[in-house]
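Sequence order for the protein chains is A and B. Heads up, the first sequence is in UniProt numbering, so the first residue is 1 and it goes up one at a time. Heads up, the second sequence is in UniProt numbering, so the first residue is 1 and it goes up one at a time. All C-beta atoms, glycine included, are put in the ideal place defined by N, C-alpha and C. This report refers to the structure that appears directly beneath it.
2 protein chains.
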Amino acid sequence: MIENETIKQQLNHKSIRSFTDKKLSSDEVDTLIKVAQHTATSSFMQAYSIIGVTDEEKKATLAEIAKQPYVAQASHVFVMIVDQSRNQQIASENGVDASVVSNMDRFMAGYADAILAAQNIVVAAESLALGTVFLGSLLNDAPRLIELLKLPKYTFPVLGIAIGYPNQEPQLKPRLPKEFVYSENEYPVRENLVQTLKDYDKEVTTYYDLRAANRRVDSFTNQVTNGMKHQNPVRAQLLQQIKEQKLIEK
Amino acid sequence: MIENETIKQQLNHKSIRSFTDKKLSSDEVDTLIKVAQHTATSSFMQAYSIIGVTDEEKKATLAEIAKQPYVAQASHVFVMIVDQSRNQQIASENGVDASVVSNMDRFMAGYADAILAAQNIVVAAESLALGTVFLGSLLNDAPRLIELLKLPKYTFPVLGIAIGYPNQEPQLKPRLPKEFVYSENEYPVRENLVQTLKDYDKEVTTYYDLRAANRRVDSFTNQVTNGMKHQNPVRAQLLQQIKEQKLIEK
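Next up, the structure:
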């Protein structure tokens, strides 16, 4: 293992779900957006946008959608957007029919642009001693989010990042042993996963047991298994919702 | 603007498309994978995998798929994978029918996991003076890639990261002015984009003009417009290819 300041910080990443009242300065916001913009982007299309939600009422609505009250406490919620609308408009102004934009390939390219930028924002924020948490939960009700942020056709929300000054110091959450995530040159065949993950399961159970804020005691394989039993009915319509935004062909 | 070592490096990001012969040490590889694993993951599902391609023949095939010869020069190509297979297997071993895994919501969650980890790898690699380039181009032929890496059902490749010691020092590529990417509280209405992007177009043209390795001289709005005219026929089948991997409901 090699460590430097950047890597030390990356290895110490924790999601922050409680924030102080202190707001981000405009300098801090500018820095984070600049970092986002310097992230790599697929074919140089820059097919993403960022909406910084600061309005208190809108943040309260985001908290409702995410079903996470702490979202309303955050100084800023950056909503990362797949944005083919801007490029579609450029092409239209140049007289090119840009309906070709509606397909899975371009949707995924914009989606990747938005998420790469999101992770870069998180690394920069943590280097400034800010706390962050990703909000995949904003997709609990994409249609409501689209209306709230006035997202036009050819755009779709990807995830949110709640950012603020941290008001908690959570434990580091144990990750899967390396060999379950990484392999060389081909995908490995693995047998008896539940059995071979027994030690890791114990580690995760201990983590939840010690976690101050939350008493849930569960193993990793139980969480995965129980997670498979449920499907949020609105999120089950995600493909359809993306098609309605004209981002994927019908 | 606030700068520290991490942010200075992020603002100086450049894709590297030429590598020396020097290979990554196993310590470097371990560090990058550890950083990837400490990235945030949706609902703690860790629904991604990484395949490190080092085999020279396989790298040559990746270079062919990407249509980028420099890919074969890289020390490692990390192929980032949406992986619902591991969790599906865990649920099955626990007697739960995990066919619920086949839907857009879970696909996108795993896709996000893979891409967040990808960006974290790039930041760590650059902090170690390594050079990187994302290879969205691996999706030029996803079926061939799936066969090459023996990817099982419930997995799909997302992108590659070619990594090695840099053998070039490219210029910084100019990004869109902030107001075209960032807005507060709602998506803005923008008119006459081509006109308002005139100065930025000049900047991009100058960048290509000065770039040593490549003589293409083009503006941003021209690139976007021309990009809209073409659709790679294999990539046009991406949604179908993902369905065949059982990741999205048919």
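- Contacts between A:L176 and chain B, judged by CB atoms closer than 9 Å, involve Q37, Q46, R86 in chain order.
- Contact between the region 85-92 of chain B and the region 223-242 of chain A is established, with three or more Cβ pairs separated by less than 8 Å.
- If you check each beta-carbon in the region 208-239 of chain A against every beta-carbon of chain B, the ones closer than 9 Å belong to F220, T221, N222, Q223, V224, T225, N226, G227, M228, K229, H230, Q231, N232, R235, A236, Q237, L238, L239.
- Here the alpha carbon of B:P177 sits roughly 35 Å from the alpha carbon of B:T31.
- Non-local beta-carbon contacts of B:Q241 in its own chain, meaning distances under 7 Å to residues more than five positions away in sequence, involve A142, P143 in chain order.
- Counting the other CB atoms within 10 Å of its CB gives A:Q84 a total of 16 or more, which places it among the buried residues.
- Scanning chain B for C-beta atoms nearer than 7 Å to the C-beta of A:D55 yields N185, reported in chain order.
- Under a criterion of Cβ atoms nearer than 7 Å, the residues of chain B adjacent to A:N4 are, in order, S127.
- Less than 9 Å separates the beta-carbon of B:D27 from that of A:M1.
- Annotation: B:T196 has no Cβ neighbours in chain A at a cutoff of 8 Å; minimum Cβ distance is about 10 Å.
- At a cut-off of 9 Å between beta-carbon atoms, B:P170 makes no contact with chain A.
- Cα atoms of B:V234 and B:F156: separation of roughly 15 Å, rounded to the nearest angstrom.
- The beta-carbon separation of B:Q245 and B:Y182, rounded to 35 Å, does not stay under the 8 Å limit for a contact.
- Secondary structure at A:V53: strand, using DSSP grouped into helix, strand and coil.
- Look at B:P152: its C-beta is under 9 Å from a C-beta on chain A.
- Counting only residues of its own chain and dropping the five nearest sequence neighbours on each side, B:V217 has a CB closer than 8 Å to the CB of T205, Y208, D209.
- Using a Cβ-Cβ distance cut-off of 8 Å, the region 62-81 of chain B and the region 162-169 of chain B are in contact, since at least three pairs of beta carbons, one from each stretch, lie closer than that value.
- Contact annotation: A:E186 and B:L145 have beta-carbon atoms that are not nearer than 9 Å.
- In the structure shown, A:E147 falls within a helical segment according to DSSP collapsed to helix, strand and coil.
- Taking B:R190 as the centre and dropping the five residues before and after it, the same chain places the C-beta of F180, T196 closer than 8 Å to its C-beta, in chain order.
- C-alpha of B:G136 to C-alpha of A:E169: approximately 37 Å in a straight line.
- Our two residues, A:T6 and A:G52, have alpha carbons roughly 25 Å apart in a direct line.
- Excluding sequence positions up to five before and after A:A114, its CB lies within less than 7 Å of the CB of Y48, M80, I81, V82, V158, all in the same chain and listed in chain order.
- Per DSSP, the unbroken beta strand (DSSP E) holding B:L135 starts and ends at 131-135.
- By the Cβ test, the region 96-107 of chain B is not in contact with the region 99-107 of chain A, since fewer than three Cβ pairs between them sit closer than 8 Å.
- Closer than 9 Å to the CB of A:N192 there is at least one CB belonging to chain B.
- For B:L62, the number of other beta carbons within 10 angstroms of its own is at least 16, and it is reported as buried.
- For B:P152, the closest alpha carbon among the candidates B:N120, B:N87, B:S42, B:S15 is that of B:N87.
- Among the residues facing chain B, A:V122 is included, as its CB has a counterpart in that chain under 9 Å away.
- In the three-state reduction of the DSSP assignment, B:E28 falls in the helix class, which pools H, G and I.
- Put simply, of B:E56, B:Y111, B:L24 the residue whose alpha carbon is nearest the alpha carbon of B:M45 is B:Y111.
- For A:V123, no beta strand (DSSP E) encloses it; the enclosing alpha helix (DSSP H) starts and ends at 104-127.
- A:S15: not part of any alpha helix (DSSP H); DSSP gives it neither H nor E.
- Non-local beta-carbon contacts of B:K59 in its own chain, meaning distances under 8 Å to residues more than five positions away in sequence, involve V53, V71, A72, A74, V77 in chain order.
- B:H38 sits buried, since 16 or more C-beta atoms from the chains shown fall within 10 Å of its C-beta.
- Distance from the CA of A:Q171 to the CA of A:S43, rounded to the nearest whole angstrom, comes to 39 Å.
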